[in-house]
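In my numbering, the protein residues as written are 2 to 357.
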């Protein structure tokens, strides 16, 4: 028990040291969720990282409750009873709200129609009582703390929940998240307009990876996206290809049997082997068009790739037979072209017409 308390204390300390509070704009929520409306009918929606009285997620779902055909809306947040959007979560009591729809016919979530219920703990999504709320929900929609993204997604997968959540796109490089993407258990949503996400924030001068937009007073991110396991139309649109394979244009990695494709638009339409493509490919991945084989490491300053070991004798023999020289054959190593490691790549293979 003491160990568990210590772990929780450390987790809370880690949370408080991270600058995780970025508040999603209503317009961005509307633009993304319009692609999933058919999924919500008769469902219980949980927003478990939101101050329910100021959250735009709560606003969206409560004001569209009847149009979406929701059964119930639940919102919780980390300890906070203040209406101030930029409060420091220093209230002694956390609460959650339940909304089951309009009762007076005005289609507006009036205060008397919203159930306000106290929580025994601090409202942390990992707490036992918040997990019970999670179990009661069908779909989770929120903007969770980026620093806890892996842990947050792990919980959603554990309890087999459908979800639409916001996260930093570099999360696709996390071993746990990429494994879920590869296994077709999670994918990217439609995304923010022009690839730009704008958030309100309580911070004065430190915006993590974001940049303050002086015109709006919002913090702009280019590396943020929507993650989901709900189907949407964009996910099944073919990537239109024009290039044809030419071995002079597409070098083979020196340490892996795959070709290097440095730009998504240059993916050859007629190559059936493995290709290394930028991770931004995942924004346009259609699982009927391509199979995700794996990923490589990011490039780094250590270009002495010959010091790496083979992953197995079988891989070593296969590489020796193909290239007539020794070299590494490690799926988890960086792709090497002309002795230089390339940036992190997603390894894909085109699906044949017969399998589509």
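Where is the CB? At the ideal position from N, CA and C, for every residue including glycine.
Residue burial is scored here from C-beta neighbours: residue 145 has at least 16 other C-beta atoms within 10 angstroms and is therefore classed as buried.
Annotated as proximal: residue 290 and residue 352, with beta-carbon spacing under 9 Å. In this structure, residue 345 places its C-beta atom within 9 Å of the C-beta atom of residue 174.
Under the rule that a run must span 4 or more residues, the alpha helix (DSSP H) segments found entirely inside the stretch 104-147 read 129-137.
Secondary structure note for residue 55: it is in no alpha helix (DSSP H), with a DSSP letter that is neither H nor E. In the three-state reduction of the DSSP assignment, residue 187 falls in the coil class, being assigned neither a helical nor a strand state. DSSP lists no beta-bridge partner residue for residue 272.
Residue 259 sits in coil when the DSSP states are folded into three classes, being neither helix nor strand. DSSP, reduced to helix, strand and coil, places residue 163 within a strand of the structure shown. The stretch 179-193 makes contact with the stretch 213-233: 3 or more CB pairs, one atom from each, lie closer than 8 Å. Inter-residue distance for residue 271 and residue 350 is about 11 Å (C-alpha atoms, whole angstroms). Taking residue 236 as the centre and dropping the five residues before and after it, the same chain places the C-beta of 188 and 287 closer than 7 Å to its C-beta, in chain order. For residue 52, the closest alpha carbon among the candidates 284, 45 and 123 is that of 123.
Collapsing the DSSP output to three states places residue 214 in a strand.
Where residue 47 is concerned, the enclosing beta strand (DSSP E) starts and stops at 45-48. Taking a cut-off of 8 Å on C-beta distances, the stretch 33-47 touches the stretch 134-148, as three or more cross pairs fall below it. Judged by beta-carbon spacing, residue 113 lies beyond the 9 Å limit of residue 102, meaning their Cβ atoms are not closer than that value. Under the DSSP assignment, residue 66 falls in the alpha helix (DSSP H) whose first and last residues are 66-69. Within the same chain, and ignoring the five residues on either side of residue 37 in sequence, the residues whose Cβ sits closer than 7 Å to its Cβ are 165, 231 and 233.
Within 10 angstroms of the beta-carbon of residue 172 lie 16 or more other beta-carbons, which makes it buried. Note on residue 269: 16 or more other CB atoms within 10 angstroms of its CB, so buried under the neighbour-count rule. Annotated three-state conformation of residue 154 is helix, per DSSP.
Around the Cβ of residue 27, a 10 Å sphere holds fewer than 16 other Cβ atoms; the residue is exposed.
Inter-residue distance for residue 58 and residue 48 is about 7 Å (C-alpha atoms, whole angstroms).
Residue pairing by DSSP places residue 202 opposite no residue, since no beta bridge is assigned to it. With respect to residue 96, residue 118 sits close: the two C-beta atoms are nearer than 9 Å. Looking at 297, 266 and 283, the one whose alpha-carbon comes closest to that of residue 182 is 283.
Around the beta carbon of residue 194, fewer than 16 other beta carbons sit within 10 angstroms, so the residue counts as exposed. In this structure residue 278 touches residue 265 by the C-beta definition: roughly 6 Å separates them, less than 8 Å.
Assigned with DSSP and collapsed to three states, residue 179 falls in helix.
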